[in-house]
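Some notes on the structure that comes next.
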Amino acid sequence: MAEVRVRFAPAPTGFMHVGNLHTALFNWLFARSQGGKFILRIEDTDELRFTPEAVQVIYDGLRWLGLDWDEGPDIGGPCAPYVQSERLAGYQETVQQLLDEGKAYECFCTPEELEERRELMRARGLPPRYDGRCGELDEAERQKFRDEGRASCIRFRVKQTGTTVINDLIQGEVAYENSLIADGIIQKTSGFPTYHLACVLDDEAMGITHVIRAVEHLPNTQLHLQLQEALGIQPPQYAHLPLVLGPDRTKLSKRHSAVSVVEYAEMGYLPEAMFNFLALLGWSPGDEQEVLSREEIIKRFSLEACSSSPSVFDLQKAEWLNGEYIAALAPEELAQRVLPFLVEAGLFEAEPSEKRMIWLGQVCNLMKERIKLLTTFTTWARYFFTDDYEYEDRAREKWLSREDTPDKLDMLADRLDALESWNVDSVEAAVRGLAEELEVGAGQVIHPCRAAVTGTTIGPSLFHLLEVLAQGDVVARLRRTAALGRAGQLRPRKHA
RNA sequence: GGCCCCAUAGUCUAGUGGUUAGGACUCCGCUCUUUCAAGGCGGCAGCACGGGUUCGAAUCCCGUUGGGGCUACCA
Numbered sequence: 000m001a002e003v004r005v006r007f008a009p010a011p012t013g014f015m016h017v018g019n020l021h022t023a024l025f026n027w028l029f030a031r032s033q034g035g036k037f038i039l040r041i042e043d044t045d046e047l048r049f050t051p052e053a054v055q056v057i058y059d060g061l062r063w064l065g066l067d068w069d070e071g072p073d074i075g076g077p078c079a080p081y082v083q084s085e086r087l088a089g090y091q092e093t094v095q096q097l098l099d100e101g102k103a104y105e106c107f108c109t110p111e112e113l114e115e116r117r118e119l120m121r122a123r124g125l126p127p128r129y130d131g132r133c134g135e136l137d138e139a140e141r142q143k144f145r146d147e148g149r150a151s152c153i154r155f156r157v158k159q160t161g162t163t164v165i166n167d168l169i170q171g172e173v174a175y176e177n178s179l180i181a182d183g184i185i186q187k188t189s190g191f192p193t194y195h196l197a198c199v200l201d202d203e204a205m206g207i208t209h210v211i212r213a214v215e216h217l218p219n220t221q222l223h224l225q226l227q228e229a230l231g232i233q234p235p236q237y238a239h240l241p242l243v244l245g246p247d248r249t250k251l252s253k254r255h256s257a258v259s260v261v262e263y264a265e266m267g268y269l270p271e272a273m274f275n276f277l278a279l280l281g282w283s284p285g286d287e288q289e290v291l292s293r294e295e296i297i298k299r300f301s302l303e304a305c306s307s308s309p310s311v312f313d314l315q316k317a318e319w320l321n322g323e324y325i326a327a328l329a330p331e332e333l334a335q336r337v338l339p340f341l342v343e344a345g346l347f348e349a350e351p352s353e354k355r356m357i358w359l360g361q362v363c364n365l366m367k368e369r370i371k372l373l374t375t376f377t378t379w380a381r382y383f384f385t386d387d388y389e390y391e392d393r394a395r396e397k398w399l400s401r402e403d404t405p406d407k408l409d410m411l412a413d414r415l416d417a418l419e420s421w422n423v424d425s426v427e428a429a430v431r432g433l434a435e436e437l438e439v440g441a442g443q444v445i446h447p448c449r450a451a452v453t454g455t456t457i458g459p460s461l462f463h464l465l466e467v468l469a470q471g472d473v474v475a476r477l478r479r480t481a482a483l484g485r486a487g488q489l490r491p492r493k494h495a
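The following block contains the structure:
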């Protein structure tokens, strides 16, 4: 059997939302699961919308998710170039051939005229499509238009009888009436091909075996199939993926917040979590497993298992998945991931020593099970990095505003200060010792201590977090908090 | 408007004629006790509707409704 070759062919518009990435991912997964090739092709046939930076956005998105391509604009390959604007001569040659064979014709209608006629037809309740009038012109009439200086585009003469049947790997068999489509433009006045022509030609030239794209292209496939027939091209297999919708249930676009995939990185999502999450949109391994590694997904992926119904991109579940991935990360790995966020927040040096990274790993070890996004780490773990943290209202209410708290904190500070070794056990002994002496439950010391040292009522095991903090800092924080308490400055600020 | 696609809880999904309709997220409750935003346990909530076919339909067919896509010199 021939090698599987698939492609991801985005238009460089400056946007790379999750819908695009989803398509790229499924192509990549199919290629990898089949031992085939994943090709990146840039479809920049829309001169008006093209921006050079947009190509970079595509690279960034694919790289972030870890989707490597085997052939593409930057790395070349046997079918180079992989940018359509560099393949113009080939398209034009084919257009000429179709023209010569009478399968295509010049159309002299201007965009304004076309729009006007469409309006008119709509007003009459008729389908607003091109009537094919320029296809009836004889050479003399065409020459007359040319002499008038009218510009022309090229239209493909579509079949007007019968039906075109698409055997789609995901959507099944779909039939379209040929009489319902108009002669499509294959070459614009500018000489650039339209998507339809360029796509069909390049898929052929690049040996694409499976066209896996979003279902919005399903209706276009009718035209593509006819083009292929006219050109004697063996069509590839088609697999049209269901759309990924925004929360408003419409096709994802720049209107939705999800403009660029890089935003998810900035929001604190792990690429491996997003990979897993996106794979589960429209595909399922068939059993109840949901947290799957990249390797497992590749191994179990198939187009047959892809759903044909659209899905809504809902970050809630992605966040949960992200938390699962964070919790599973080795502490030192999490330290690396979290470092840029800490640096950004001004809580950590940009080039830390090995020792500092080990320490950061300890903090991560304490926090990783409760963090859902990398960004929350900088707020939830703030007290590990600075003495400048807030005393939350809840902490003030429950413990810090209590009259007996300052004394307790000072007593604990003395005991901790006197400790010769600083570790979980010694710290725990000191805390419990004080509780015993005061004849109160351990919680009566633990809670005020946590509130004083972290400013909050929640977090990891107190003894473990104290161990990670420096002895001197802990003692200072306890004394500072005690003083503030006595001064009446730790009363709740808000009242419910 | 025309054509096409889709339809299991708020969301992601399993399910291909016989299941108490399964799992996950969210939410809620309980629990653990050193706190919860963590862990454990439990709960709420679903086959869009109407007709068929069948001994029997989430599952097959038709219709309706709803949603979406296409109908561009965008892709």
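295 is the number that numbering that gives the first Met the number 0 gives to position 296 of the first sequence; each next residue is one higher, with no gaps. Glycine is no exception: its CB is placed at the ideal position from the N, C-alpha and C atoms.
Give the DSSP bridge partners of residue i, in chain order.
| i | result |
| --- | --- |
| D167 | G171 and Y237 |
| P192 | Q186 |
| H209 | V5 and Q236 |
| F29 | In DSSP, F29 forms no bridge with anything. |
| M15 | S259 |
| L244 | K250 and V311 |
| C108 | DSSP output for C108 lists no bridge partner at all. |
| A103 | F155 |
| V82 | I41 |
In terms of alpha-carbon separation, which member of the options lies closest to residue i?
| i | options | result |
| --- | --- | --- |
| C305 | V54, I169, A475 and A334 | I169 |
| R31 | Q288, L302, T455 and Q470 | L302 |
| I296 | S308, S283, S307 and E287 | S283 |
| G190 | R299, T404, R479 and Q95 | Q95 |
| A23 | E331, F300, L39 and S178 | L39 |
| E353 | E331, V173, G60 and L365 | E331 |
| S84 | L98, G183, I165 and L196 | L196 |
| S400 | P491, M15 and E42 | P491 |
| G484 | G171, Q470 and G454 | G454 |
| L418 | V243, L461 and V474 | V474 |
| V439 | Y104, V467, T404 and A469 | T404 |
| S425 | H463, R479, E402 and R393 | H463 |
| A469 | N422, L489 and L437 | N422 |
| E318 | G285, G267, V311 and E350 | G267 |
| L373 | A394, E262 and A450 | E262 |
| F25 | K367, R293 and A150 | R293 |
| F376 | N321, A394, L200 and A204 | N321 |
Within 10 angstroms of its Cβ, does residue i collect 16 or more other Cβ (buried), or is it exposed?
| i | result |
| --- | --- |
| E501 | The chain is shown only over 0 to 495; residue 501 falls outside these bounds and no answer can be derived. |
| D202 | buried |
| S252 | exposed |
| L47 | exposed |
| E92 | exposed |
| I74 | exposed |
| L119 | exposed |
| E396 | buried |
| N19 | buried |
| K371 | buried |
| L179 | exposed |
| T163 | buried |
| V17 | buried |
| E42 | buried |
| L61 | buried |
| A272 | buried |
| D146 | exposed |
| T50 | exposed |
Taking the alpha helix (DSSP H) that residue i falls in, what are its first and last residues?
| i | result |
| --- | --- |
| V474 | Q470 to R485 |
| K354 | E353 to M366 |
| V426 | V423 to L437 |
Spatial neighbours of residue i within its chain, please: CB distance less than 8 Å, with the 5 preceding and 5 following residues excluded, ordered by chain position.
| i | result |
| --- | --- |
| A495 | With a pLDDT of only 42 at A495, under the threshold of 50, the placement of this residue in the model should not be trusted, and no figure is reported. |
| K36 | E2, V3, R4, V5, A30, D69 and E70 |
| A181 | R128, Y129, D130, G131 and V157 |
| P126 | M120 and L179 |
| I153 | V94, L97, L98, A103, Y104, E105, C106, I184, I185 and Q186 |
Tell me which residue opens and which closes the beta strand (DSSP E) that residue i is part of.
| i | result |
| --- | --- |
| Q186 | I184 to Q186 |
| L39 | K36 to L39 |
| F155 | C152 to F155 |
For residue i, collect the residues of the same chain with a Cβ closer than 7 Å to its Cβ; drop the 5 residues on either side in sequence, then sort them by chain order.
| i | result |
| --- | --- |
| V444 | K407, L411, V430, L433 and A434 |
| A334 | M356, L359, G360 and C363 |
| A482 | none |
| T385 | L346 |
Leaving out the 5 sequence neighbours to the left and right, which residues in its chain are closer than 6 Å to residue i when beta-carbon positions are compared?
| i | result |
| --- | --- |
| S308 | P241 |
| E436 | none |
| A174 | T162 and V164 |
| F144 | F107 |
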